[in-house]
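Residue numbers (full-length UniProt numbering): 1 to 305. The beta-carbon is built from N, C-alpha and C at its ideal position, and this holds for glycine as well. What follows is a set of notes on a single structure, which appears directly below.
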(Lines of atoms letter the chains of each structure in order from A; the text may use other names.)
(Lines give C-alpha, C1' and ligand atoms only; values in the text may rest on other atoms or scores of the structure.)
Protein backbone atom coordinates (compact mmCIF):
# COMPACT_ATOMS: atom_id res chain seq x y z
CA UNK A 1 0.00 0.00 0.00
CA UNK A 2 1.45 3.44 -0.93
CA UNK A 3 2.55 5.68 1.91
CA UNK A 4 1.78 9.36 2.28
CA UNK A 5 4.29 11.72 0.70
CA UNK A 6 5.03 12.92 4.24
CA UNK A 7 4.40 9.90 6.47
CA UNK A 8 4.39 10.32 10.23
CA UNK A 9 7.65 9.04 11.67
CA UNK A 10 8.24 7.47 15.07
CA UNK A 11 11.39 6.23 16.79
CA UNK A 12 12.18 3.53 19.30
CA UNK A 13 15.57 4.58 20.64
CA UNK A 14 16.79 8.13 21.20
CA UNK A 15 20.49 7.84 20.40
CA UNK A 16 22.77 9.83 18.11
CA UNK A 17 21.45 8.40 14.86
CA UNK A 18 17.79 8.90 15.76
CA UNK A 19 18.25 12.48 16.92
CA UNK A 20 20.17 13.47 13.81
CA UNK A 21 17.72 11.91 11.34
CA UNK A 22 14.65 13.13 13.21
CA UNK A 23 15.88 16.73 13.32
CA UNK A 24 16.58 16.84 9.59
CA UNK A 25 13.33 15.15 8.63
CA UNK A 26 11.32 17.42 10.87
CA UNK A 27 12.80 20.48 9.18
CA UNK A 28 12.04 18.90 5.79
CA UNK A 29 8.34 18.69 6.67
CA UNK A 30 8.07 15.09 7.88
CA UNK A 31 6.14 14.97 11.17
CA UNK A 32 8.13 13.16 13.87
CA UNK A 33 5.29 12.20 16.14
CA UNK A 34 6.58 9.89 18.90
CA UNK A 35 9.68 8.62 20.68
CA UNK A 36 10.18 5.75 23.11
CA UNK A 37 13.46 5.18 24.94
CA UNK A 38 14.77 3.19 27.88
CA UNK A 39 16.10 6.52 29.17
CA UNK A 40 13.37 8.93 30.20
CA UNK A 41 15.85 11.81 30.08
CA UNK A 42 16.86 10.96 26.50
CA UNK A 43 13.22 10.73 25.45
CA UNK A 44 12.43 14.13 26.98
CA UNK A 45 15.44 15.73 25.31
CA UNK A 46 14.58 14.15 21.94
CA UNK A 47 10.91 15.18 22.08
CA UNK A 48 11.79 18.66 23.27
CA UNK A 49 13.75 19.32 20.10
CA UNK A 50 10.86 18.46 17.75
CA UNK A 51 7.46 20.14 17.34
CA UNK A 52 4.53 17.86 18.15
CA UNK A 53 6.64 14.88 19.22
CA UNK A 54 5.17 12.81 22.05
CA UNK A 55 6.97 10.62 24.56
CA UNK A 56 5.64 7.07 24.32
CA UNK A 57 5.91 4.26 26.84
CA UNK A 58 7.12 1.66 24.35
CA UNK A 59 7.30 0.73 20.68
CA UNK A 60 3.64 -0.24 20.50
CA UNK A 61 2.67 3.22 21.71
CA UNK A 62 4.97 4.79 19.12
CA UNK A 63 3.21 2.75 16.42
CA UNK A 64 -0.15 4.23 17.43
CA UNK A 65 1.12 7.66 16.38
CA UNK A 66 3.34 6.81 13.37
CA UNK A 67 3.13 5.40 9.86
CA UNK A 68 6.79 4.34 9.83
CA UNK A 69 8.42 3.16 13.07
CA UNK A 70 12.22 3.31 13.05
CA UNK A 71 13.96 0.95 15.47
CA UNK A 72 17.18 2.77 16.37
CA UNK A 73 18.16 0.45 19.20
CA UNK A 74 21.36 -1.65 19.50
CA UNK A 75 21.54 -4.70 17.22
CA UNK A 76 21.03 -7.15 20.08
CA UNK A 77 17.76 -5.42 21.02
CA UNK A 78 16.16 -5.25 17.56
CA UNK A 79 14.61 -8.71 17.68
CA UNK A 80 13.17 -8.30 21.16
CA UNK A 81 11.80 -4.87 20.26
CA UNK A 82 10.15 -6.23 17.13
CA UNK A 83 8.68 -9.16 19.05
CA UNK A 84 7.16 -6.79 21.60
CA UNK A 85 5.44 -4.57 19.03
CA UNK A 86 1.66 -4.76 19.06
CA UNK A 87 0.19 -3.09 15.99
CA UNK A 88 -3.38 -1.95 15.44
CA UNK A 89 -4.76 -4.50 12.99
CA UNK A 90 -6.95 -1.86 11.40
CA UNK A 91 -3.87 0.19 10.47
CA UNK A 92 -1.02 -2.30 10.25
CA UNK A 93 -1.28 -2.77 6.48
CA UNK A 94 -0.54 0.95 6.01
CA UNK A 95 2.44 0.95 8.38
CA UNK A 96 6.09 -0.04 8.22
CA UNK A 97 8.70 -1.07 10.77
CA UNK A 98 12.28 -0.30 9.75
CA UNK A 99 15.52 -0.95 11.59
CA UNK A 100 18.69 1.09 11.16
CA UNK A 101 21.31 -1.62 11.60
CA UNK A 102 23.85 -2.35 8.93
CA UNK A 103 24.42 -5.98 9.92
CA UNK A 104 21.14 -7.38 11.28
CA UNK A 105 18.92 -9.12 8.71
CA UNK A 106 15.62 -7.44 7.93
CA UNK A 107 13.74 -10.67 8.58
CA UNK A 108 14.31 -10.15 12.30
CA UNK A 109 11.30 -7.83 11.90
CA UNK A 110 9.11 -10.75 10.83
CA UNK A 111 6.80 -10.38 13.88
CA UNK A 112 5.74 -6.95 12.59
CA UNK A 113 5.33 -8.33 9.08
CA UNK A 114 3.12 -11.11 10.43
CA UNK A 115 0.80 -8.40 11.77
CA UNK A 116 0.49 -6.87 8.30
CA UNK A 117 3.19 -4.18 8.32
CA UNK A 118 5.88 -3.69 5.70
CA UNK A 119 9.44 -4.15 6.96
CA UNK A 120 12.79 -2.77 5.85
CA UNK A 121 16.31 -1.66 6.63
CA UNK A 122 17.72 1.87 6.53
CA UNK A 123 21.44 2.19 7.30
CA UNK A 124 23.32 5.50 6.96
CA UNK A 125 27.01 5.05 6.11
CA UNK A 126 28.04 7.75 8.55
CA UNK A 127 29.77 7.98 11.91
CA UNK A 128 27.41 9.88 14.21
CA UNK A 129 29.33 11.95 16.73
CA UNK A 130 26.31 13.13 18.69
CA UNK A 131 27.08 16.72 17.70
CA UNK A 132 24.85 19.31 16.06
CA UNK A 133 27.29 19.30 13.13
CA UNK A 134 26.16 15.75 12.29
CA UNK A 135 23.08 17.29 10.70
CA UNK A 136 25.19 19.10 8.09
CA UNK A 137 28.04 16.61 7.75
CA UNK A 138 25.71 13.76 6.81
CA UNK A 139 24.82 15.50 3.53
CA UNK A 140 26.40 13.67 0.60
CA UNK A 141 26.74 10.36 2.45
CA UNK A 142 25.08 7.16 1.30
CA UNK A 143 22.22 5.29 2.96
CA UNK A 144 21.64 1.61 2.26
CA UNK A 145 18.00 0.57 1.87
CA UNK A 146 16.50 -2.90 1.95
CA UNK A 147 12.76 -2.82 1.27
CA UNK A 148 10.18 -3.61 -1.37
CA UNK A 149 7.69 -1.66 -3.45
CA UNK A 150 6.13 1.48 -1.99
CA UNK A 151 8.23 1.29 1.20
CA UNK A 152 11.40 1.31 -0.89
CA UNK A 153 10.16 4.41 -2.69
CA UNK A 154 9.27 6.15 0.58
CA UNK A 155 12.61 5.32 2.18
CA UNK A 156 14.37 6.59 -0.93
CA UNK A 157 12.53 9.90 -0.55
CA UNK A 158 13.63 10.05 3.08
CA UNK A 159 17.23 9.50 1.99
CA UNK A 160 16.91 12.39 -0.44
CA UNK A 161 15.48 14.58 2.33
CA UNK A 162 18.69 13.98 4.28
CA UNK A 163 20.71 15.20 1.30
CA UNK A 164 22.14 11.69 0.95
CA UNK A 165 22.54 9.10 -1.81
CA UNK A 166 20.37 5.95 -1.72
CA UNK A 167 21.87 2.50 -2.22
CA UNK A 168 19.90 -0.75 -2.43
CA UNK A 169 21.06 -4.06 -1.00
CA UNK A 170 19.66 -7.51 -1.78
CA UNK A 171 18.09 -9.63 0.96
CA UNK A 172 20.69 -11.57 2.91
CA UNK A 173 23.54 -9.22 2.03
CA UNK A 174 23.66 -7.02 5.10
CA UNK A 175 26.30 -8.90 7.10
CA UNK A 176 28.86 -8.87 4.28
CA UNK A 177 28.02 -5.25 3.44
CA UNK A 178 28.50 -4.18 7.04
CA UNK A 179 31.72 -6.17 7.51
CA UNK A 180 33.20 -4.50 4.43
CA UNK A 181 32.17 -1.02 5.59
CA UNK A 182 34.32 -1.40 8.70
CA UNK A 183 37.40 -0.88 6.55
CA UNK A 184 36.32 2.68 5.76
CA UNK A 185 35.37 3.50 9.35
CA UNK A 186 36.51 1.69 12.51
CA UNK A 187 39.36 -0.14 10.76
CA UNK A 188 40.67 3.16 9.42
CA UNK A 189 40.94 4.22 13.06
CA UNK A 190 42.72 0.95 13.82
CA UNK A 191 45.21 1.73 11.07
CA UNK A 192 45.83 5.13 12.65
CA UNK A 193 46.25 3.42 16.01
CA UNK A 194 48.95 1.21 14.49
CA UNK A 195 50.76 4.33 13.27
CA UNK A 196 50.63 5.79 16.78
CA UNK A 197 51.85 2.53 18.33
CA UNK A 198 54.83 2.26 16.00
CA UNK A 199 55.78 5.91 16.24
CA UNK A 200 55.81 5.68 20.02
CA UNK A 201 58.89 3.48 19.50
CA UNK A 202 60.55 6.67 18.19
CA UNK A 203 59.37 8.86 21.06
CA UNK A 204 56.33 10.47 19.42
CA UNK A 205 53.28 10.93 21.59
CA UNK A 206 49.77 10.30 20.27
CA UNK A 207 48.87 13.95 19.77
CA UNK A 208 51.96 14.63 17.68
CA UNK A 209 51.45 11.45 15.66
CA UNK A 210 47.83 12.27 14.84
CA UNK A 211 48.68 15.87 14.05
CA UNK A 212 51.18 14.57 11.52
CA UNK A 213 49.16 11.84 9.81
CA UNK A 214 45.58 13.14 9.80
CA UNK A 215 46.27 15.70 7.04
CA UNK A 216 47.92 12.92 5.03
CA UNK A 217 44.85 10.73 5.51
CA UNK A 218 42.58 13.59 4.44
CA UNK A 219 44.70 14.12 1.33
CA UNK A 220 44.58 10.42 0.52
CA UNK A 221 40.79 10.42 0.71
CA UNK A 222 40.50 13.47 -1.53
CA UNK A 223 42.91 11.96 -4.07
CA UNK A 224 40.92 8.71 -4.05
CA UNK A 225 37.78 10.72 -4.70
CA UNK A 226 39.40 12.36 -7.73
CA UNK A 227 41.58 9.56 -9.11
CA UNK A 228 40.12 6.31 -7.77
CA UNK A 229 41.85 3.80 -5.52
CA UNK A 230 44.71 2.70 -7.81
CA UNK A 231 45.44 6.30 -8.79
CA UNK A 232 45.60 7.42 -5.16
CA UNK A 233 47.99 4.67 -4.06
CA UNK A 234 51.28 6.08 -2.78
CA UNK A 235 54.32 4.74 -0.99
CA UNK A 236 56.91 2.07 -1.83
CA UNK A 237 54.48 -0.42 -3.36
CA UNK A 238 53.18 2.15 -5.84
CA UNK A 239 56.76 3.00 -6.83
CA UNK A 240 57.94 -0.60 -7.05
CA UNK A 241 60.46 -0.14 -4.21
CA UNK A 242 60.64 -3.82 -3.33
CA UNK A 243 63.74 -3.51 -1.16
CA UNK A 244 62.01 -0.96 1.09
CA UNK A 245 58.99 -3.21 1.56
CA UNK A 246 61.20 -6.21 2.38
CA UNK A 247 63.30 -4.23 4.87
CA UNK A 248 60.21 -2.84 6.58
CA UNK A 249 58.68 -6.30 6.85
CA UNK A 250 61.87 -7.59 8.47
CA UNK A 251 62.00 -4.63 10.85
CA UNK A 252 58.40 -5.13 11.93
CA UNK A 253 59.00 -8.85 12.44
CA UNK A 254 61.82 -8.00 14.81
CA UNK A 255 59.45 -5.82 16.84
CA UNK A 256 57.36 -8.92 17.59
CA UNK A 257 53.61 -9.06 18.01
CA UNK A 258 51.48 -8.96 14.88
CA UNK A 259 52.93 -5.75 13.37
CA UNK A 260 54.55 -7.55 10.43
CA UNK A 261 51.44 -9.65 9.78
CA UNK A 262 49.22 -6.58 9.57
CA UNK A 263 51.72 -4.79 7.34
CA UNK A 264 51.99 -7.86 5.09
CA UNK A 265 48.24 -8.28 4.72
CA UNK A 266 47.73 -4.63 3.82
CA UNK A 267 50.76 -4.67 1.49
CA UNK A 268 49.21 -7.64 -0.31
CA UNK A 269 46.16 -5.44 -1.01
CA UNK A 270 48.46 -2.58 -2.05
CA UNK A 271 50.19 -4.82 -4.61
CA UNK A 272 46.79 -5.68 -6.09
CA UNK A 273 45.98 -1.97 -6.38
CA UNK A 274 49.39 -1.21 -7.90
CA UNK A 275 48.72 -3.74 -10.67
CA UNK A 276 45.62 -1.74 -11.61
CA UNK A 277 47.45 1.59 -11.99
CA UNK A 278 47.59 3.19 -15.42
CA UNK A 279 51.38 2.76 -15.26
CA UNK A 280 52.01 -0.11 -12.84
CA UNK A 281 55.40 -0.76 -11.27
CA UNK A 282 57.61 -3.39 -12.96
CA UNK A 283 56.24 -6.90 -12.60
CA UNK A 284 59.57 -8.10 -11.21
CA UNK A 285 59.32 -5.62 -8.31
CA UNK A 286 55.72 -6.59 -7.55
CA UNK A 287 56.65 -10.27 -7.62
CA UNK A 288 59.52 -9.65 -5.18
CA UNK A 289 57.18 -7.85 -2.81
CA UNK A 290 54.56 -10.57 -3.06
CA UNK A 291 57.18 -13.23 -2.30
CA UNK A 292 58.35 -11.37 0.82
CA UNK A 293 54.76 -10.83 1.95
CA UNK A 294 53.94 -14.52 1.68
CA UNK A 295 57.09 -15.45 3.60
CA UNK A 296 56.01 -13.23 6.50
CA UNK A 297 52.47 -14.59 6.45
CA UNK A 298 53.90 -18.10 6.58
CA UNK A 299 56.11 -17.22 9.56
CA UNK A 300 59.42 -16.95 7.70
CA UNK A 301 61.74 -13.94 7.76
CA UNK A 302 62.00 -12.16 4.38
CA UNK A 303 65.39 -11.58 2.76
CA UNK A 304 66.48 -8.55 0.77
CA UNK A 305 68.73 -10.24 -1.81
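Once the 5 residues before and after residue 92 are set aside, which same chain residues still bring their CB inside 6 Å of it?
Answer for residue 92: 115, 116, 117, listed in chain order.
Given a threshold of 16 other Cβ atoms within 10 Å of its Cβ, counted over all protein chains shown, does residue 302 qualify as buried or as exposed?
buried
Three-state secondary structure (DSSP) at residue 312?
It is not possible to answer for residue 312, since the shown part of the chain is limited to 1 through 305.
Close-in-space but distant-in-sequence residues of the same chain around residue 236 (CB under 6 Å, 5 per side omitted)
So the list reads 244, 245, once near-sequence residues are dropped.
N- and C-terminal bounds of the alpha helix (DSSP H) containing residue 213:
206-232
State buried or exposed for residue 2, treating a residue as buried only when at least 16 other CB atoms are found within 10 Å of its CB.
exposed
Identity of the residue in 35, 16, 160, 169 nearest residue 104 by Cα:
Nearest to residue 104 by C-alpha distance, out of 35, 16, 160, 169, is 169.
Check whether the Cβ atoms of residue 286 and residue 296 lie closer than 9 Å to each other.
no
Tell me the DSSP secondary structure of residue 49 in three-state form.
coil
If you draw a straight line from the alpha carbon of residue 290 to that of residue 268, how long is it in whole angstroms?
7 Å
Give me the Cα-Cα distance between residue 218 and residue 233, rounded to the nearest whole angstrom.
Going from the Cα of residue 218 to the Cα of residue 233 covers about 13 Å.
Report the partner residues of residue 379 according to the DSSP bridge assignment.
The shown model of the chain, from 1 to 305, leaves out residue 379, and the question about it has no answer.
For residue 52 versus residue 37, is the C-beta spacing smaller than 9 Å?
no
Can you find the residues in the same chain that come closer than 8 Å, C-beta to C-beta, to residue 85, ignoring five residues on each side of it along the sequence?
59, 60, 63, 69, 97, 111, 112, 115
Looking only at C-alpha atoms, which of 240, 264, 239 sits nearest to residue 251?
264
Taking 8 Å as the cut-off, is the beta-carbon of residue 159 closer than that to any non-hydrogen atom of the ligand SAH?
No copy of the ligand SAH occurs in the structure displayed, which carries no ligand at all.
Quick check: the segment 4-20 against the segment 125-138, are there 3 or more CB pairs under 8 Å?
yes
Between residue 210 and residue 133, what straight-line distance do the alpha-carbon atoms span, to the nearest angstrom?
22 Å
Going by CA-CA distance only, name the one from 187, 155, 99 that's closest to residue 81.
99
Please classify residue 318 as buried or exposed, where buried requires at least 16 neighbouring CB atoms within 10 angstroms.
In the structure displayed, the chain extends from 1 to 305; residue 318 sits before or after that span and is not available.
In the DSSP assignment, find the unbroken beta strand (DSSP E) run with residue 33 in it and report its ends.
32-36
Can you tell me which of the three DSSP states residue 97 falls into?
strand
Would you kindly work out how many angstroms separate the C-alpha atoms of residue 208 and residue 255, rounded to a whole number?
Taking the straight line joining both Cα atoms gives about 22 Å.
Taking the CB atoms as reference points, tell me whether residue 121 and residue 174 lie closer together than 9 Å.
Yes, the Cβ-Cβ distance between residue 121 and residue 174 is below 9 Å.
When DSSP labels each residue in this structure, what does residue 194 get in the three-state scheme?
helix
If distances are taken between C-alpha atoms only, which option among 253, 142, 172 comes closest to residue 298?
253
Output yes or no for whether 9 Å exceeds the beta carbon distance between residue 31 and residue 154.
no
Nearest candidate by alpha-carbon position, reference residue 106, set 124, 146, 73:
146
Where the beta strand (DSSP E) containing residue 10 begins and where it ends
9-12
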